[in-house]
Each structure stands twice: as C-alpha cells, then as structure tokens.
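S.K.: Below you'll find the structure I mean.
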Amino acid sequence: MDNRLVEIYVCKLPQKRSTRDVEELLPYLSKERIERIRKFKFLNDQFRSIIGDIVIQYLFAVHHGEKLSYDRVKYNRYGKPFLPDFPAFHYNISHSGECLACAIHHSPVGIDLEQLKPFDFKFVKSFFTRNEYKTIVRHVDQVSAFYQTWTAKESVVKAIGKGLSYPLSSFEVIIQQSGKVQLIDVNGSSQIDRFSCRTYRVDKDFILSVCAANGEQFPMELKEIPYQSLLEKMALL
0 MDNRLVEIYV CKLPQKRSTR DVEELLPYLS KERIERIRKF KFLNDQFRSI
50 IGDIVIQYLF AVHHGEKLSY DRVKYNRYGK PFLPDFPAFH YNISHSGECL
100 ACAIHHSPVG IDLEQLKPFD FKFVKSFFTR NEYKTIVRHV DQVSAFYQTW
150 TAKESVVKAI GKGLSYPLSS FEVIIQQSGK VQLIDVNGSS QIDRFSCRTY
200 RVDKDFILSV CAANGEQFPM ELKEIPYQSL LEKMALL
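Going by numbering that gives the first Met the number 0, the residue at position 15 of the sequence shown is 14; the numbering climbs one at a time, nothing skipped.
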C-alpha cells in the first residue's frame, strides 16, 4: 500500500446502548483509560470513547500484528495522543451522533466528523474568515457549506496537534467541488504548507474532513468497519 494514502474508516454505532454494554467493553481498555471513561457524566460519551479506543486497537493490530499496549500511548502538551515507539503510525478519532470516524496515516493527521444540524450564523461569523463567511451565506446549501468549512478547519487544527490554541481565523479553507480543500495561511507563518485536506459526505446526515501532513493522496471512498464485526475481531486478538 502506498504510504502516502490516508486511510479513513467509519463505524456506525448502535442507537441503543446500556450500562451493561459499557461494562462489557471496559476489559478492552487499560486501568488508566477506564478511570478516565468513568469520569464522563453521560453514558453515550462513555460508549463512544470506548469504541474509539477499540477501533484504534483493531487498526493498530491490522498494521502491526499485535495488540496496542496503552503504556505506549503518550500525549503532547495539548492532549493529542501519539505513539513514540511507532513514529509512522499516526491516528485521530472523531464522533458525532451515532457515527465514529478514524484516520490513519504515516504522518500527523486530523479528522472531524459532524452531523448535519441547524447552526447559528453569529457563531459562524466569529470563528471564520470574512471570505469563508461570505461563501457560506451565499451558498445554495448553507448547512452543508457550513459543515464542510467547519470540519475542514477542525481537521487542520487537530492535525497540527495544538487544539484550539491554534486560531481558526489564522487560516482559510476553500472547498472545491471535488471535495479537495485549499488551505491558505492568513498570517503567512507557513505552518500549514505541508498539510493537505479533503472533505467527504457520509450518507446524507454527516460530513467529515481529513487533514494530513505529507498526505498527497486521499481515498475516493471511505472504509466501513461494521460494529458487530469490530467486536468479533477484537475478541480474537
């Protein structure tokens, strides 16, 4: 496989889940992760976070033929996880509603997934550049235009690995008809020059964007990991 190609996976989660479902999944996690998971107030947040961890474990095993030991997972000063022992395995997770997405790449990568919902124009104006705001307002499908722009910017920030300490207004995205995203650094610092970005529609209810360093190639189609199949494969590891 060409290591320039960014791998993008989608897992559609069951709509109904219980405390028992969460408890049955906890053995897949480390004690430290379990403690963090239990701090989440809502059951749905616990469940999505656990499945995100399991997806990473599964994909790591696919790439390296072994289970991921959580003591190998480290975090940068902004909270982004990475694997110092595996410098060519970068990953990022995003979830929204009943859908979870994951990106894998040999260089830093970021992904953002959002369910299509009404949005507040005031919110748009405060975070986007003037050109981005004008593009959204004038678009025939404002909701899609908003989420394409928003997820693209979020994926860039996540790929850089500095969280929202990297201002969304410091760079501009231009969504092309093909889904490819042009990145423009407003401040001229050139921090995003090595990044590429693309946006996708997931069914009719979700939009996701992926940004990767040295990611010259993005897949035309996303790979789906069926939820039940994921659990069955994890049980064999």
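We put the CB at the ideal spot given by N, CA and C, even for glycine. The structure presented is a predicted model; accordingly, all values stated were derived computationally and were not measured.
Can you tell me whether DSSP reads Gln114 as helix, strand or coil?
M.R.: Indexing the sequence shown from 1 puts residue 114 at position 115. Note: Gln114 maps to strand in three-state DSSP.
S.K.: According to DSSP, simplified to helix, strand and coil, what is Pro107?
M.R.: Reading the sequence shown from its first residue, position 108 is the one you call residue 107. Reduced to three states, the DSSP call for Pro107 is coil.
S.K.: Quick one: give me the first and last residue of the beta strand (DSSP E) that His89 is part of.
M.R.: Numbered from its first residue, the sequence shown carries residue 89 at position 90. Per DSSP, His89 belongs to the beta strand (DSSP E) from His89 to Ser95.
S.K.: Compute the Euclidean distance between the alpha carbons of His138 and Phe145, then round it to the nearest angstrom.
M.R.: Start at 1 with the first residue of the sequence shown, and residue 138 comes out as number 139. Start at 1 with the first residue of the sequence shown, and residue 145 comes out as number 146. For His138 and Phe145, the distance between alpha carbons rounds to 9 Å.
S.K.: If I measure Cβ to Cβ from Asp84 and keep anything under 8 Å in the same chain, skipping five residues before and after, which residues do I get?
M.R.: Stepping through the sequence shown from its first residue, residue 84 is reached at position 85. Once the five neighbours on either side are set aside, the close Cβ partners of Asp84 are Arg71.
S.K.: Is Glu22 helix, strand or coil when you go by DSSP?
M.R.: Position 23 of the sequence shown holds residue 22. DSSP places Glu22 in helix when its eight states are reduced to three.
S.K.: Within its chain, find whatever has a CB closer than 6 Å to the CB of Gln21; leave out the 5 residues flanking it on each side and keep chain order.
M.R.: Locating residue 21 in the sequence shown gives position 22, where the first residue counts as 1. Correcting the residue type first, residue 21 is Val in the shown sequence and not Gln. The answer, listed in chain order, is Gln45 and Phe46.
S.K.: Using 8 Å as the threshold, is the stretch 46-66 in touch with the stretch 85-98, meaning 3 or more CB pairs across them?
M.R.: As far as the Cβ criterion goes, the stretch 46-66 touches the stretch 85-98, which means the pair count is three or higher.
S.K.: So is Asp192 buried or exposed if we call it buried at 16+ other beta carbons inside 10 Å?
M.R.: Numbered from 1 along the sequence shown, position 193 holds the residue referred to as residue 192. A residue is called buried once 16 or more other Cβ atoms fall within 10 Å of its Cβ, and Asp192, having fewer, is exposed.
S.K.: Looking at C-beta atoms only, is the number of pairs between the stretch 192-201 and the stretch 151-169 that lie closer than 8 Å three or more?
M.R.: yes
S.K.: Using C-beta distances below 7 Å, list every residue in its chain close to Tyr77, excluding the 5 sequence neighbours before and after it, in chain order.
M.R.: Reading the sequence shown from its first residue, position 78 is the one you call residue 77. So the list reads Gly160, Lys161, Gly162 and Ser164, once near-sequence residues are dropped.
S.K.: Kindly indicate the opening and closing residues of the alpha helix (DSSP H) around Asp52.
M.R.: For the purposes of this step, residue 52 is taken as the residue at position 53 of the sequence shown. Asp52 -> alpha helix (DSSP H) spans Leu42 to His63.
S.K.: Locate the beta strand (DSSP E) running through Leu182, then write down its first and last residues.
M.R.: Here residue 182 corresponds to residue number 183 of the sequence shown, with the count starting at 1. Residues Lys179 to Asp184.
S.K.: In angstroms, rounded to a whole number, what distance separates the CA positions of Val172 and Arg19?
M.R.: Looking up residue 172 in the sequence shown gives position 173. Looking up residue 19 in the sequence shown gives position 20. As the crow flies, the alpha-carbon of Val172 is around 43 Å from that of Arg19.
S.K.: With distances taken from CA atoms, which of Asp204, Phe205 and Val180 is nearest Ala211?
M.R.: Position 212 of the sequence shown, counted from the first residue, corresponds to residue 211. Taking only the C-alpha atoms, the option nearest Ala211 is Val180.
S.K.: What residue does the beta strand (DSSP E) around Thr198 start on, and which one ends it?
M.R.: What you label residue 198 is simply residue 199 of the sequence shown in a count that begins at 1. Counting along the chain, the beta strand (DSSP E) containing Thr198 begins and ends at Phe194 to Val201.
S.K.: By DSSP, does Val142 sit in helix, in strand, or in coil?
M.R.: In the sequence shown, the residue the question calls residue 142 occupies position 143. Correct three-state label for Val142: helix.
S.K.: Hey, out of Ser208, Asp202 and Asp204, whose CA is closest to Leu182's CA?
M.R.: The residue labelled residue 182 in the question sits at position 183 within the sequence shown. That would be Ser208, whose Cα lies nearest to the Cα of Leu182.
S.K.: Going by alpha carbons, who is nearest to Asn75 out of Arg200, His89 and Glu65?
M.R.: Residue numbering aside, residue 75 sits at position 76 when the sequence shown is read from its first letter. The shortest C-alpha separation from Asn75 is found at His89.
S.K.: In angstroms, rounded to a whole number, what distance separates the CA positions of Lys213 and Arg3?
M.R.: Looking up residue 213 in the sequence shown gives position 214. Looking up residue 3 in the sequence shown gives position 4. The amino acid occupying residue 213 in the given sequence is Asn; Lys does not appear at that position. Annotation: Asn213 to Arg3 spans about 7 Å, alpha carbon to alpha carbon.
S.K.: Does the separation of the CB atoms of Cys98 and Ile7 fall below 9 Å?
M.R.: Position 99 of the sequence shown, counting from 1, holds the residue named residue 98. Position 8 of the sequence shown, counting from 1, holds the residue named residue 7. With a cutoff of 9 Å on beta-carbon distance, Cys98 and Ile7 are scored as not near each other.
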